[in-house]
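Undergrad:
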Amino acid sequence: MLRVAISLSLLSISFLACDLSYASDPSNSTQELETVADPSPLPIVTEPVLPRLSESEIETLQTQLTVGIDTWFGLAGLDKTPAPPPFSEALQAYREQWGAINPDIATFVGFWQNDEAYPYSVTIFPSNTPGQVCVLEFKPEWSLQILNEATGEYGKDMISEQILSVSIATVQDGHLRSSQVRSVGSATALARYGVGEAYPVLFMSIMDDQGTTRTVAAISPPALPAELPESLVPQVSQALSDYGCTVASPTSRS
94 MLRVAISLSL LSISFLACDL SYASDPSNST QELETVADPS PLPIVTEPVL PRLSESEIET
154 LQTQLTVGID TWFGLAGLDK TPAPPPFSEA LQAYREQWGA INPDIATFVG FWQNDEAYPY
214 SVTIFPSNTP GQVCVLEFKP EWSLQILNEA TGEYGKDMIS EQILSVSIAT VQDGHLRSSQ
274 VRSVGSATAL ARYGVGEAYP VLFMSIMDDQ GTTRTVAAIS PPALPAELPE SLVPQVSQAL
334 SDYGCTVASP TSRS
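Here it is, written out as structure tokens:
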């Protein structure tokens with residue numbers, strides 16, 4: 094199910110580019126082609142903010158965080174998934190700058206991604222309104238176009254449907270809540286990856302509106318995913334602008 098929550102307005106902010114790559118499946122034959130659908134125009138959807146996480150849900154997220162870190166480290170060590178990204182100095186500085194003027198949101202802002210199976214990202218943009226952020230959740234569609242040799246026609250085999258949502262979230266007492274995702278400060282952790290020249294990785298577990306949990310790693314300051322179709326960039330950008338969100342650091346805006 095495609096999940097969308099978009100509000101449209103005039104574009105008034107620019108965005109950083111984030112260079113991400115996806116691994117193609119070498120087992121696909123020439124008759125099976127990976128495709129990404131050309132999305133239709135996005136409807137405007139208004140939904141209420143999800144309730145605070147319960148104690149049992151927080152425990153679920155904390156367990157998912159531990160399992161997610163162990164799984165990612167294990168798969169990366171076997172070269173079955175990309176190594177987790179380091180907690181960059183640029184993101185650390187960005188979070189510190191925003192933390193000085195809007196401390197509630199500093200734990201969450203940034204571009205977060207998980208590459209274990211189908212690439213999924215959640216980007217949390219600071220807002221001009223204290224105690225608020227914007228959340229962009231995105232996973233591209235993965236499907237196969239399979240040739241029917243008898244008819245000469247291609248048929249679509251859906252592997253993983255697209256996820257796309259832009260929502261405004263409140264951040265209070267360590268709880269992040271939007272209409273689409275929730276998290277809590279205690280569901281974040283800094284862990285070291287590698288042997289010898291190990292480096293720090295910042296992880297967070299989130300729960301979506303369907304109760305699905307994911308563990309993501311912080312990559313950079315907020316940015317639009319490089320894989321976001323160009324046809325959607327203006328609409329997503331306008332929605333973020335309309336919600337009063339930005340990628341700029343406080344110092345660059347003063």
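Each residue of the sequence shown is one higher than the one before, starting from 94 at the first, in our numbering. The beta-carbon is built from N, C-alpha and C at its ideal position, and this holds for glycine as well.
Does DSSP put A332 in a helix, a strand or coil?
TA: Residue state, collapsed to three classes: helix.
Undergrad: Please list, in chain order, all residues of the same chain as V277 whose beta carbon is under 8 angstroms from its beta carbon, the five residues on each side excluded.
TA: L146, I151, L154, G267, H268 and L269
Undergrad: Have a look at A316 and V340 and give me their C-alpha separation to the nearest angstrom.
TA: 7 angstroms
Undergrad: Does the distance from the C-beta atom of T308 to that of Q206 stay below 8 angstroms?
TA: no
Undergrad: List the residues that DSSP assigns as beta-bridge partners of A262.
TA: V226
Undergrad: Under a three-way DSSP split, which group does L95 fall into?
TA: Annotation note: pLDDT 36 at L95 (below 50); position unreliable, coordinate value reported separately. Correct three-state label for L95: coil.
Undergrad: If I follow the unbroken beta strand (DSSP E) through Y286, where does it start and stop?
TA: T281 to Y286
Undergrad: When the distance is taken between beta carbons, is A284 closer than 8 angstroms to V294?
TA: yes
Undergrad: Specify whether the region 213-222 and the region 196-204 touch according to this definition: at least 3 beta carbon pairs, one from each stretch, less than 8 angstroms apart.
TA: yes
Undergrad: With a CB to CB cut of under 7 angstroms and the five nearest residues on each side skipped, what residues in its chain are close to D301?
TA: Q273 and V274
Undergrad: Thinking C-alpha only, which one of Q225, Q185, P314 and P177 is nearest P212?
TA: P177
Undergrad: Please state whether DSSP places P343 in a helix, a strand or coil.
TA: helix
Undergrad: Helix, strand or coil, according to DSSP, for F180 in the structure here?
TA: coil
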